[in-house]
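Residue numbers (the working numbering), protein chains in the order written: chain A, 1 to 265; chain B, 266 to 1454. Even glycine gets a Cβ: it sits at the ideal position worked out from N, Cα and C. Heads up, the thing below is written out as structure tokens.
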């Protein structure tokens, strides 16, 4: 690692990270304590380290191992962009799985107690961490494992059932809430629509029919060029139309001229 | 018809003048004739305006509202100004006499561009005065023998006549010409810049010519000597003539012509041809009638015995007659055409049209002279008149070309000029002596004498095509007629190259019987006769398989003054255009067995012909060319087989002198590994068989008893579009290096590999409409999964292999793998709903919705449309796959979207102008390259009118949007009718926006302008390679498919071991099982799909996964290039912005490093990224090479 690399940048510690001992290139990890106004139980400010420029091959396991040097690690969260909120979760990983964070990312390392954070912040200059352990976590092995995992087991059945039950419960509850209308002290019941208004999805055939009907009616009612001035105006309009087209064509011709469209050789 | 229109207009005009005299009469006139009406109405401008204003006021006073009119937006009030007479007449003329406004303006621009400028005209005239002055000062010479050439050598001029002609009797004397004048195009001012030669006629004085000079080649020799003398004298006048050379008149080798380049600026642009002619009325015109014999066999051959009937010498008579009649023609043209008239402009258009087709020069050309005289002829017979617009003249001439047949009896160019020969001419003698006839005013000369039948057919073919472009609305007819050059390689579906030496040519000729006469008539040049014979045999052999057999023309020869003329080229290249319905037939059906034609048929086909019984019980002679289940790829070679056979059989031409351009590029579609297990060839059958499996699967799925009925089964796969480059075929499972479970294959945990690549087809199930679907996206996904599980159970009960994946089912069906998913159309709509802050939701375009719409709605419909394209054009599949293969081989896959390539190829089929639609993959590929190389993407929208589903409004609107919003639209603008949405009404602009919102969505993110530029360069280079090498016998076409890695900053080499698609590579590694080593009668070992119920590893391509990961991680820093078809290399190009240090931004640090001491900057961490390239592809990546800088 070059010696001219700064160690402290805008409050971030700069630490080297390489894939394995043989790799020549070293990435820079920048980290600092996680400080935001909003409190989150997942990312408590006093225990959370915010890391940026995390290379694509870093996984939760890798970070668990790397940061356990500074203290016991509770959680590691990866995000594409910095976010103070809780990590996305899903109850049904098989039906609606979490989107995988790919490429360079940011990480939140949550230590069990604040000492870990302090230890991490007092990391000596020019430290270089090594990401890989014994088994490679990239390349052919990773893709093959992903392929094998692609096939769903029968557990999905249970998940489908659970999800639908939950959904049914929810809609049921909504309906009940709508039905449970209480009278106020005067005995009046306020009726509101509980359903969200959704724009109606128009159907094509339907559309066309009404359209043509309307048009027909209109046409029937209209008298074409009843007065003499109307005839004249129609004629003038026609001329204007021609002129407009002429002008447009002229414009196009100059454009074509510019792109040498008239040179047949 | 045009005449009538024109006359009407004229009458109308005269009426106008009358009615103008009595103002006010127009108001009473109630007439249907709009033209007159209009004119009347605006006849008196001032009055009109007043009246209009007055009436409006009156109306407003009465409280009436002006009626709703089609009034258009008028920015500076110009549109509603009262018109001038001039403007009105221009507008009206355009409406009546032209195709469209734009067409007229384009035509005027073009004519202005190609016409000779006045300045140059004057310069040339000045030059001619000086030239003629110089010639008149030349001294007379002593008389010498006509055959002696020693004086020529002294003057440094080589005899341009063909060697081997017997000595010519007579004497030669040079005397200054009596007259030097311009003739032909310059004199008639029909000259265009596309043909830079100007003709000058030099009239010899009486003393130079002898009364008997028409005999035995004397005149032709004399005119050469006269030109040579002039050439010799001009050598000493560099201030008059910059350079001189010999060329041939219309490619006829017995008529060499002196071509001089005037000195000065004018010589850079124009050349002058010198034509010496005999004095007027010196020879009797009847001497040159075609049936006359002006050459003596005894003179030519020396040994011939005197025969009673001397054979006619039509070609020789023409060659002399041209000079004799030149003054007469020139006079006729100059009196009939006035410069700048519409007739002249029309002739220019015709000449441009011919020049773009390379029909205006060289052997067998349709010369400008013929065009001019044809127009005069049509004028004379009142097919056209002088008032027509150039466009109408152009169209009428094309019509007359397609209507008449000059090979039977051509138009006779009769004029009022009296000629004593007219009476004696018998028009019946022309056709047998000349294949194509167009007689001149005297009735003696056949102007089309140098045209062969094949040339004439080509002209007619082009005329028919041109008329079809003019009448079709969706081609830009102007450009395809006048601007686009017709390249012969892209013109012909296949090309037959016939290498002939003079000896072989003479042998061919000797089979015709009268070869001695023919050779004499051409004064030692019998090439045209040989070629006609070859074309005749090929045409007869191909029968109705061909649409056209067109000889490919080479440029006219020209050679320096002091060199011998180049040797005659006897070889010929024939471009073949096929009739797609008959071209690939396995059988050539002959006459019924009991007819007398049998003998002729048998004689023609020789031993190949045999008696066959047909299904209707009849017996016919027939020739069989292949096995009934021959692949399409092989069938495309049948014409070659036929041509080789008939040329050998009829003309005794050796196999090795025949070379065909047809299979060279198609070889790239062969797949060696598939060949072993399937009758693969170029893959059309594999696609069809995949689709058949899909059909039977969809029947099976429809028969399933699901809670909701399946309303439609559709596919969005490129297989269904016939555009998958290498569709997989059912293959035996090779489970070595893999783990074999009961009915599927997976990877062992300690690392295995998959040797074969299996491509699954995407299938979508649409269910009948039901109100019970949930409104929540994940609940919908759950329901879908439930359906998947249900289908899985049912199919498993029937014994099929099915696997469940997160969004689809993988089904093994008849040896093919399918990915089946249930679709719910309302999901698109649900994705489009966005919550608004006040708790409601509104409809809005979202990326997810668009993606879903594209895949579940647009893509299947688009796929069906392309599949129907394949039904119409059987070569489409091969074409599109070949083009995709090339794009991928140049590492552009991913950058040039596959759908975009498919659309461009479809466009080539829908709008083939200026050609016929392609009938072989090969020619479509060449045109695709041309399209890539020569399209200005910035100014050209591609509206691919699949199934003619665009409305007229769509076309107008899209064109308008393209011009007005160009900068915001994708750099490659390609729209299909399926990209447009259905809307409520066309009047609401918001609705309109919605309709055209997705225009060109296929090319929205890619290609980048840089990629377009690169593809332009690559395609241009490939085209250059083809134009130089395609006709050569030994050339490695694969050169075009081998990419160069020089331009990449980093080149990542991949190890073979894990690459599953190596068999698809341009140069496959394992050459041990070459298909060419196959024995005769060898058949592929078809796998029985019924036996195999093990699911192979599908859609696993490590190289693809690697590149995908690279793009995801480093896409902001670099572009990655890879050939998905067995490419072993990934090319990397850094983005220029990534190479410069940037302001430090913590959020965009991705892959950068921080440098600097006080002021921090970020620079790309190249070392680390290079290490990552290796780390991310462990097991796959080999060497990584950096470009040396």
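Buried versus exposed, by CB contacts within 10 Å (16 or more), residue i
i, result
"residue 481 of chain B", "buried"
"residue 223 of chain A", "exposed"
"residue 682 of chain B", "Only weak support exists for where residue 682 of chain B lies, its pLDDT of 43 falling under 50; the value from the coordinates is given anyway. Residue 682 of chain B should be labelled exposed."
"residue 322 of chain B", "For residue 322 of chain B, the pLDDT reaches just 39, beneath the cut-off of 50, and the residue's location in the model is therefore unreliable, leaving the point undetermined."
"residue 870 of chain B", "buried"
"residue 1080 of chain B", "buried"
"residue 636 of chain B", "buried"
"residue 304 of chain B", "With a pLDDT of 37 at residue 304 of chain B, under the threshold of 50, the modelled position of that residue is not reliable, and no figure is offered here."
"residue 639 of chain B", "buried"
"residue 689 of chain B", "For residue 689 of chain B, the predicted model reports a pLDDT of 45, less than 50, meaning its position is unreliable and no value from the coordinates is stated."
"residue 1287 of chain B", "buried"
"residue 272 of chain A", "For chain A, the structure presents residues 1 to 265; residue 272 of chain A sits outside this window and is missing."
One or two residues paired with residue i in a DSSP bridge
i, result
"residue 1396 of chain B", "B/1316, B/1386"
"residue 877 of chain B", "B/885"
"residue 1078 of chain B", "B/1081"
"residue 1458 of chain B", "Because chain B is modelled from 266 through 1454, residue 1458 of chain B falls outside the range shown and cannot be assessed."
"residue 50 of chain A", "A/32, A/108"
"residue 1409 of chain B", "Paired residues: none, contrary to the question."
"residue 857 of chain B", "B/885"
"residue 1100 of chain B", "B/1106"
"residue 1451 of chain B", "B/1315"
Residues that residue i contacts on chain A, provided the C-beta gap is smaller than 7 Å
i, result
"residue 1323 of chain B", "140"
"residue 1062 of chain B", "Correct list: empty, because the minimum Cβ distance to chain A is about 16 Å."
"residue 1046 of chain B", "95, 96"
"residue 1050 of chain B", "95, 156, 160"
Per-residue contacts from residue i into chain A (C-beta, under 9 Å)
i, result
"residue 418 of chain B", "By Cβ distance, chain A contributes nothing, its closest Cβ being about 39 Å from residue 418 of chain B, past 9 Å."
"residue 1204 of chain B", "255, 256, 258, 259, 261"
Whole-number beta carbon distance between residue j and residue i, since they are thought to touch under 8 Å
i, j, result
"residue 1168 of chain B", "residue 1066 of chain B", "Contact flag wrong, Cβ pair sits at about 36 Å."
"residue 1386 of chain B", "residue 1375 of chain B", "Not really, about 11 Å apart at Cβ, beyond 8 Å."
"residue 6 of chain A", "residue 1419 of chain B", "6 Å"
"residue 152 of chain A", "residue 1069 of chain B", "5 Å"
"residue 1158 of chain B", "residue 1190 of chain B", "The pair is not a contact, with the Cβ atoms about 16 Å apart (cut-off 8 Å)."
"residue 884 of chain B", "residue 876 of chain B", "6 Å"
"residue 716 of chain B", "residue 585 of chain B", "So it is not a contact: roughly 18 Å between Cβ atoms."
"residue 538 of chain B", "residue 612 of chain B", "Contact doesn't hold; Cβ gap of about 19 Å is too wide."
Contacts that residue i makes with chain B (C-beta to C-beta distance below 7 Å)
i, result
"residue 245 of chain A", "366"
"residue 27 of chain A", "1430, 1433"
"residue 9 of chain A", "1419, 1425"
"residue 143 of chain A", "1367, 1370"
Neighbouring residues, chain B, relative to residue i (Cβ below 8 Å)
i, result
"residue 150 of chain A", "1070, 1071"
"residue 147 of chain A", "1011, 1012, 1362, 1365"
Interface partners of residue i on chain A, CB under 8 Å
i, result
"residue 370 of chain B", "249, 250, 253"
Does the pairing of the stretch 68 to 77 of chain A with the stretch 111 to 121 of chain A give three or more beta-carbon distances under 8 Å? yes
Within 8 Å, do at least three Cβ pairs link the stretch 1092 to 1106 of chain B to the stretch 997 to 1016 of chain B? no
Cβ contact (3+ pairs, closer than 8 Å) linking the stretch 1291 to 1311 of chain B and the stretch 1139 to 1147 of chain B: no
If you pair each beta-carbon of the stretch 384 to 397 of chain B with each one of the stretch 417 to 427 of chain B, do three or more pairs fall below 8 Å? no
Measuring CB atoms only, is the stretch 1304 to 1324 of chain B touching the stretch 1229 to 1238 of chain B, in the sense that at least three cross pairs come out at less than 8 Å? no
With a cut-off of 8 Å, do at least 3 Cβ pairs link the stretch 1176 to 1186 of chain B to the stretch 731 to 747 of chain B? yes
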